[in-house]
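*Asks:* Below is the structure I would like to discuss, written out as structure tokens.
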Amino acid sequence: MEGFMVRILMSELDFDYELVALARSFFPGQDIKAEEVKKDSTDTDTDTDTVIVNIMLSQFNVTACIVTKSFSMERKAFVTGDGDWHKHIDKSAHPYRTYYKNILKKVVFMLLKDFPDNMLPEGVIKCIPQWGTMTGVRPVKIAMDNILKGSSIESIYHSLEDVYCLKKEKAELVMQIALHEAGILKKSGCENGYSLYIGIPFCPTTCLYCSFTSYPFNMQLADAYLEALIKEMEYSSQIFKDRKLTSIYIGGGTPVSLNPAQLKKLLSALTKYFPVDKSSEFTVEAGRPDSITKEKLEVLSGYGAGRISVNPQTMQQKTLDIIGRKHTVKQTEDAFNMARKTGFKNINMDLIAGLPGEDENDFADTLSKIENLNPDSLTIHSLVIKRASELRNILQEQGIKDNMAKALCMERMSDMGYEFAKKHGYRPYYMYRQKNSAGFAGSTGQENIGYAAEGKECIYNILIMEKKQSIVALGAGSVSKRVYPDGQARRCENVKDVALYIQKIDEIIERKRKLLKDF
3 MEGFMVRILM SELDFDYELV ALARSFFPGQ DIKAEEVKKD STDTDTDTDT VIVNIMLSQF
63 NVTACIVTKS FSMERKAFVT GDGDWHKHID KSAHPYRTYY KNILKKVVFM LLKDFPDNML
123 PEGVIKCIPQ WGTMTGVRPV KIAMDNILKG SSIESIYHSL EDVYCLKKEK AELVMQIALH
183 EAGILKKSGC ENGYSLYIGI PFCPTTCLYC SFTSYPFNMQ LADAYLEALI KEMEYSSQIF
243 KDRKLTSIYI GGGTPVSLNP AQLKKLLSAL TKYFPVDKSS EFTVEAGRPD SITKEKLEVL
303 SGYGAGRISV NPQTMQQKTL DIIGRKHTVK QTEDAFNMAR KTGFKNINMD LIAGLPGEDE
363 NDFADTLSKI ENLNPDSLTI HSLVIKRASE LRNILQEQGI KDNMAKALCM ERMSDMGYEF
423 AKKHGYRPYY MYRQKNSAGF AGSTGQENIG YAAEGKECIY NILIMEKKQS IVALGAGSVS
483 KRVYPDGQAR RCENVKDVAL YIQKIDEIIE RKRKLLKDF
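Here it is, written out as structure tokens:
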């Protein structure tokens, strides 16, 4: 609704980012902002269609009060800790910081949850987020960390429902994945090792929903890019020569948009500089079926890639045409069968729930076609509407109510995917969420889940999602992460622009050296 706003008024802007994200999950698509106000301020602005949320912190209480032009209510929680939170000017390193943050978010959650819908301006829709106060991209991490620390399953589950306010079904999903992930990590031997990501930012076309940095394939640009990439590869290999390489992941973009000779050049350098044969896993995101050929598959197999992805996103031709994927359903089937004949025994397929124009019947038909192919793993994404995607512009022209209906339809599709996976012996093994993950309308609870048959899980996906190992990322737009023993991580981002990456490769290598020295 135009003119509606939620203003979060705080005596100090601490946890403002988290509270704005939380409020946005209740009022998707609406204007939400946090403001710092003076202690004696009387700013209420109740003559407009504005919801005021006042946050008050004291020595033993957290209080949140909500005010509109015709209604007000409050929720309060007592706090323990050491009782001196309110005295600290810089609270970033306070030992009870997480405790206070969780208390504050829960108070605001309960306030917004209990706020009567009929007190909202006409046309404003309120959602109850199934993920409770969890607004981050890694909902499994808290549970898995506590499992690895030896906490009881009962206490972790209770915390998910009581502290983070998760809906029962989401708490059960988190525990299921966390237990599975913890078991995989214990067997992986990933301690003191590292994983390698290589980005190939070229694509045949740009999909309607995509916001990733990608470039139409250009032979000369790709050749120059590979030269710079191999230079970065050579440098990085020296830093880690005494460390175990756990997993390798080549993503994009569409890595197999490179021609066979370029793929050979890339993989030859990879095997020259890194101990590929000693790694536990080597994945190539083959991606677009229209880029996959028998010769390219043979190159991948010949250089040791054991896991690939063939990603149709949907098996509905009408949708493929709408979203700009210039391939057919038959090409997907042919590419998959070609990969099987080449000898690949671990093939993943990606699907997206909620694509434009699709309903539950379309998604059921897609799942039926996937069933016939019988992939080893299946990743089901909820449609993400990013600011840089063309699809966002289209959805902005439609109403919030219409998009809320789409979000609820997508939620049912995600449930269908879960039941399909369960029926066919796939277990959920990793999960993440993204901002705006329920479409332009906001968040009603969708997530992206990787399902796999036993022993076919992708270790790299778990490691990067749960921040359990340092990731050395090479190529334009890639992000290296150094994970420290205390779980903290530092990032080093490569420039996204391919021409700048080629031009500034020496500067990029120097930044990486500073991050990874003494590793």
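Residues are numbered in my numbering as their position in the sequence shown, beginning at 1, plus a constant of 2.
Beta carbons are placed, not taken as given, at the ideal position from N, Cα and C, and that holds for glycine.
Is DSSP giving residue 486 helix, strand or coil here?
*Replies:* Residue 486 sits at position 484 when you count from the first residue of the sequence shown. Coil at residue 486, not helix or strand.
*Asks:* Quick one: complete alpha helix (DSSP H) runs, 4+ long, within the region 296-368?
*Replies:* 296-304, 319-325 and 331-344
*Asks:* Along the beta strand (DSSP E) that carries residue 383, what are the first and last residues, could you check?
*Replies:* Stepping through the sequence shown from its first residue, residue 383 is reached at position 381. Taken as a continuous stretch (DSSP letters only), the beta strand (DSSP E) holding residue 383 covers 379-384.
*Asks:* From residue 436 to residue 385, what distance separates their C-alpha atoms?
*Replies:* Indexing the sequence shown from 1 puts residue 436 at position 434. Indexing the sequence shown from 1 puts residue 385 at position 383. Residue 436 and residue 385 have their C-alpha atoms roughly 10 Å apart.
*Asks:* My guess is that residue 357 and residue 330 are in contact by the Cβ rule of under 8 Å, so how many angstroms apart are they, rounded?
*Replies:* In the sequence shown, residue 357 corresponds to position 355, counting from 1. In the sequence shown, residue 330 corresponds to position 328, counting from 1. With 8 Å as the limit, residue 357 and residue 330 do not qualify as a contact, their Cβ atoms being about 16 Å apart.
*Asks:* Please tell me whether residue 260 and residue 286 are closer than 8 Å, where the distance is taken between their beta carbons.
*Replies:* Numbered from 1 along the sequence shown, position 258 holds the residue referred to as residue 260. Numbered from 1 along the sequence shown, position 284 holds the residue referred to as residue 286. No, these two residues do not count as a Cβ contact at 8 Å.
*Asks:* Determine the direct distance from the alpha carbon of residue 359 to that of residue 323, and round the result to whole angstroms.
*Replies:* In the sequence shown, counting from the first residue as 1, residue 323 sits at position 321. In the sequence shown, counting from the first residue as 1, residue 359 sits at position 357. About 11 Å.
*Asks:* What's the gap between the Cα of residue 368 and the Cα of residue 408?
*Replies:* As a first step, residue 368 must be located in the sequence shown, where it is residue number 366. As a first step, residue 408 must be located in the sequence shown, where it is residue number 406. Computed Cα separation, rounded: 18 Å.
*Asks:* Nearest to residue 17 by alpha carbon, out of 81, 495 and 107?
*Replies:* As a working mapping, residue 17 is identified with position 15 in the sequence shown. Checking every option, the nearest Cα to that of residue 17 belongs to 107.
*Asks:* For residue 201, which three-state DSSP category applies?
*Replies:* By one-based count along the sequence shown, residue 201 stands at place 199. Here residue 201 sits in strand by DSSP.
*Asks:* Could you check how far apart the C-beta atoms of residue 190 and residue 473 are, in whole angstroms? I think they sit under 8 Å.
*Replies:* The residue labelled residue 190 in the question sits at position 188 within the sequence shown. The residue labelled residue 473 in the question sits at position 471 within the sequence shown. At roughly 14 Å, the Cβ-Cβ gap does not stay under 8 Å, so residue 190 and residue 473 are not in contact.
*Asks:* Between residue 283 and the rest of its own chain, which residues show a CB-CB distance below 6 Å, the 5 nearest in sequence each way excluded?
*Replies:* Working through the sequence shown from its first residue, we reach residue 283 at position 281. Cβ neighbours of residue 283 beyond the five flanking positions: 249 and 461.
*Asks:* From this set, 254, 165, 164 and 186, which residue's C-alpha is nearest residue 200's C-alpha?
*Replies:* The residue given as residue 200 occupies position 198 in the sequence shown. Cα-wise, what sits closest to residue 200 is 254.
*Asks:* Leaving out five residues before and five after residue 148 in sequence, what residues of the same chain have Cβ atoms less than 6 Å from its Cβ?
*Replies:* Counting from 1 along the sequence shown, the entry for residue 148 is found at position 146. Around residue 148: 158.
*Asks:* Can you give the beta carbon distance from residue 596 to residue 381, rounded, assuming they're within the 8 Å contact cut?
*Replies:* As shown, the chain starts at 3 and ends at 521. That puts residue 596 outside it, with no answer to give.
*Asks:* Based on the DSSP secondary-structure assignment, which residues constitute the bridge partners of residue 52?
*Replies:* As a first step, residue 52 is located in the sequence shown; it is residue number 50 there, counting from the start. DSSP, once it has assigned bridges, lists 7 as partnering residue 52.
*Asks:* Output yes or no for whether 8 Å exceeds the beta carbon distance between residue 523 and residue 80.
*Replies:* The shown model of the chain, from 3 to 521, leaves out residue 523, and the question about it has no answer.
*Asks:* Given a cut-off of 8 Å on the beta-carbon distance, is the pair residue 362 and residue 317 in contact?
*Replies:* Here residue 362 corresponds to residue number 360 of the sequence shown, with the count starting at 1. Here residue 317 corresponds to residue number 315 of the sequence shown, with the count starting at 1. Not in contact: residue 362 and residue 317 (Cβ atoms no closer than 8 Å).
*Asks:* Here's the rule: buried if 16 or more other CB atoms are within 10 angstroms of the residue's CB, otherwise exposed. What is residue 524?
*Replies:* Since the first residue shown for the chain is 3 and the last is 521, residue 524 is missing from the structure and cannot be characterised.
*Asks:* How many whole angstroms separate the CB atoms of residue 53 and residue 77, which I take to be in contact at a CB cut-off of 8 Å?
*Replies:* Along the sequence shown, read from residue 1 onward, the residue named residue 53 stands at position 51. Along the sequence shown, read from residue 1 onward, the residue named residue 77 stands at position 75. That belief does not hold up - the Cβ atoms of residue 53 and residue 77 are roughly 14 Å apart, past 8 Å.
*Asks:* Starting from residue 57, follow its DSSP beta bridges and name the residues at the other end.
*Replies:* For the purposes of this step, residue 57 is taken as residue 55 along the sequence shown, with counting starting at 1. According to DSSP, residue 57 shares a beta bridge with 12 and 66.
*Asks:* Sorted by chain position, which residues of the same chain lie with C-beta nearer than 8 Å to residue 184's C-beta, five sequence neighbours on each side aside?
*Replies:* Here residue 184 is taken as the residue at index 182 of the sequence shown, counted from 1. Cβ neighbours of residue 184 beyond the five flanking positions: 146, 149 and 150.
*Asks:* Would you kindly work out how many angstroms separate the C-alpha atoms of residue 73 and residue 193, rounded to a whole number?
*Replies:* Indexing the sequence shown from 1 puts residue 73 at position 71. Indexing the sequence shown from 1 puts residue 193 at position 191. Rounded to whole angstroms, residue 73 to residue 193 spans 55 Å at the Cα level.
*Asks:* Can you tell me whether residue 532 is helix, strand or coil according to DSSP?
*Replies:* There is simply no residue 532 to check, as the chain begins at 3 and stops at 521 in what is shown.
*Asks:* Distance, Cα to Cα, residue 27 vs residue 131?
*Replies:* Here residue 27 refers to the residue found at position 25 when the sequence shown is read from its first residue. Here residue 131 refers to the residue found at position 129 when the sequence shown is read from its first residue. Per the coordinates, the alpha-carbon of residue 27 lies some 6 Å from the alpha-carbon of residue 131.
*Asks:* Using alpha carbons as the reference points, say which of 227, 204 and 141 lies closest to residue 177.
*Replies:* One-based indexing of the sequence shown puts residue 177 at position 175. It is 141 whose Cα lies nearest to the Cα of residue 177.
*Asks:* Is it buried or exposed for residue 222, if we count other Cβ within 10 angstroms and need 16 for buried?
*Replies:* Translated into the one-based positions of the sequence shown, residue 222 becomes position 220. By the neighbour-count rule (16 or more Cβ atoms within 10 Å), residue 222 is not buried but exposed.
*Asks:* Buried or exposed: residue 11, going by 16 or more other Cβ atoms within 10 Å of its Cβ?
*Replies:* Working through the sequence shown from its first residue, we reach residue 11 at position 9. Buried, by the Cβ-count rule.
*Asks:* Three or more beta-carbon pairs under 8 Å between the region 132-139 and the region 158-174, yes or no?
*Replies:* yes
*Asks:* Could you check the C-alpha separation between residue 239 and residue 273 for me, to the nearest Å?
*Replies:* Within the sequence shown, the letter at position 237 stands for residue 239. Within the sequence shown, the letter at position 271 stands for residue 273. Distance between the alpha carbons of residue 239 and residue 273: 11 Å.
*Asks:* First and last residue of the beta strand (DSSP E) that includes residue 284?
*Replies:* Taking the first residue of the sequence shown as position 1, residue 284 is located at position 282. It spans 283-289 - the beta strand (DSSP E) in which residue 284 sits, taken as one unbroken run.
*Asks:* Could you check the C-alpha separation between residue 8 and residue 67 for me, to the nearest Å?
*Replies:* What you label residue 8 is simply residue 6 of the sequence shown in a count that begins at 1. What you label residue 67 is simply residue 65 of the sequence shown in a count that begins at 1. Their Cα atoms are separated by approximately 13 Å.
*Asks:* What three-state label does DSSP hand residue 441 in the structure shown?
*Replies:* Within the sequence shown, numbered from 1, the residue matching residue 441 stands at position 439. Because residue 441 sits at a pLDDT of 38, beneath the cut-off of 50, its placement in the model cannot be relied upon, and the point is left open.
*Asks:* Which value, in whole angstroms, describes the spacing of the CA atoms of residue 458 and residue 195?
*Replies:* Translated into the one-based positions of the sequence shown, residue 458 becomes position 456. Translated into the one-based positions of the sequence shown, residue 195 becomes position 193. The alpha-carbon atoms of residue 458 and residue 195 are separated by roughly 21 Å.
*Asks:* Given residue 202, which residues of its chain have a CB within under 6 Å of its CB, disregarding the five upstream and five downstream residues?
*Replies:* Taking the first residue of the sequence shown as 1, we reach residue 202 at position 200. Within the same chain, residue 202 has close Cβ partners 254, 255 and 257.
*Asks:* Report the partner residues of residue 450 according to the DSSP bridge assignment.
*Replies:* If you number the sequence shown from 1, residue 450 lands on position 448. Residue 450 is bridged by DSSP to 434.
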